[in-house]
Amino acid sequence: NNSKNGIVIMLDSMRRFAHDEILQAMSCWSLVNVALTPLQKSMLVKLGGLTVTSNAMLQHPYNAEVQFRALFALINLVIPTETRPDETEEMREFEREIFQQLGEVGETSEKEMLDASVGQISNLVVVGMKNFCSSEAILNRACLVLHNLSLNEEYHPILLWTPNCYQMLEWCLGNYPHDHVLQQSAGGTIQRLNATLSSDDELRARFQHSIRAQQQHSLELARQEAVMLQEQQREQEQERMDVS
1 NNSKNGIVIM LDSMRRFAHD EILQAMSCWS LVNVALTPLQ KSMLVKLGGL TVTSNAMLQH
61 PYNAEVQFRA LFALINLVIP TETRPDETEE MREFEREIFQ QLGEVGETSE KEMLDASVGQ
121 ISNLVVVGMK NFCSSEAILN RACLVLHNLS LNEEYHPILL WTPNCYQMLE WCLGNYPHDH
181 VLQQSAGGTI QRLNATLSSD DELRARFQHS IRAQQQHSLE LARQEAVMLQ EQQREQEQER
241 MDVS
């Protein structure tokens, strides 16, 4: 009960002070530690832990501490707690009592909570990877989150349709060859996604079309940026000529 109250207070603080990046960073670190205990992790997810962690990443996209710690928490949070074989009947009964105290929330499974959040989580992870592409520590944790999501085949289409997800995994593999954890997690995710693509012709065709569309969009953005830079240079040259 004390654990439940502590988790409720922490999540409530994260919701009420969503714009306080120091509080969000410290709270995300607490989530990492809370999620190490299976029962507490299950309560954390059922009480909205995935949502507040995602919101921290959404509200503070350029804060490295928030992104790193939120990703670290998600590594464990995105794997639903399964019934452990070494768990005693007494422990199971204790867990049932705890979840009954949570009311309707306790009846919702971790899997259902994750199903509702996986799209947003995968997108925020990729955005974090792009914003901190020079931070090996952040990319390492991000690849682990995507790896754990990819363990569930149901989530493969979501990962494939998340803009730049596949490309960022490939980019990480090519740019961080000496990070063995990153290589294993990113490589394993790509292997699983490729297996899904190879078994579904329609999905593969849609994915290839999506990749081409993303590449075209990137080229158009690059062209617009080049035009804007040229205009700025012309304006600066004109100003210099006017001064002289």
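Residue 221 in our numbering sits at position 221 of the sequence shown; the count goes up by one each step and never skips. In this text, a Cβ means the ideal position worked out from N, Cα and C, and glycines have one as well.
Specify, as a first and last residue, the run of the alpha helix (DSSP H) that residue 54 falls within. 49-59
C-alpha distance - residue 159 paired with residue 67, whole-angstrom precision: 19 Å
Among 79, 19, 59 and 14, nearest to residue 146 - alpha-carbon criterion: 79
How far does the alpha helix (DSSP H) with residue 68 in it extend, from its first residue to its last? In the DSSP assignment, residue 68 falls within the alpha helix (DSSP H) that extends over 64-77.
If the criterion is Cβ atoms closer than 8 Å, does the pair residue 148 and residue 182 meet it? no
On a Cα-Cα basis, can you pick out the residue from 176, 81, 215 and 205 that is closest to residue 136? 176
Where does residue 220 sit, in a helix, a strand or coil, going by DSSP? helix
Using a Cβ-Cβ cut-off of 8 Å, state whether residue 160 counts as contacting chain B. Among the chains in the structure shown there is no chain B, since it carries only a single protein chain.
Using a Cβ-Cβ cutoff of less than 6 Å, which residues in the same chain neighbour residue 211 once the five nearest sequence positions on both sides are dropped? Setting aside the 5 residues that flank it on each side, residue 211 has no residue in the same chain whose C-beta is closer than 6 Å to its C-beta.
Rounded to whole angstroms, what's the CA-CA distance from residue 70 to residue 184? Just pull it up for me. 21 Å
Please tell me whether residue 121 and residue 54 are closer than 8 Å, where the distance is taken between their beta carbons. yes
In three-state terms, what does DSSP make of residue 176? coil
For the segment 140-176, list the alpha helix (DSSP H) runs that are entirely contained and at least 4 residues long, ordered along the chain. Runs of the alpha helix (DSSP H) inside the segment 140-176: 156-161 and 165-175.
Backbone secondary structure at residue 200 - three-state DSSP: coil
Ignore the nearest five residues each way along the sequence and tell me which others in residue 117's own chain have a CB closer than 8 Å to its CB. 50, 51 and 54
For residue 198, collect the residues of the same chain with a Cβ closer than 8 Å to its Cβ; drop the 5 residues on either side in sequence, then sort them by chain order. 204
Where residue 220 falls, given that 16 or more other Cβ within 10 Å makes a residue buried: By the neighbour-count rule (16 or more Cβ atoms within 10 Å), residue 220 is not buried but exposed.
C-alpha distance - residue 213 paired with residue 162, whole-angstrom precision: Cα to Cα, residue 213 sits roughly 13 Å from residue 162.
Within its chain, find whatever has a CB closer than 6 Å to the CB of residue 32; leave out the 5 residues flanking it on each side and keep chain order. 72 and 73
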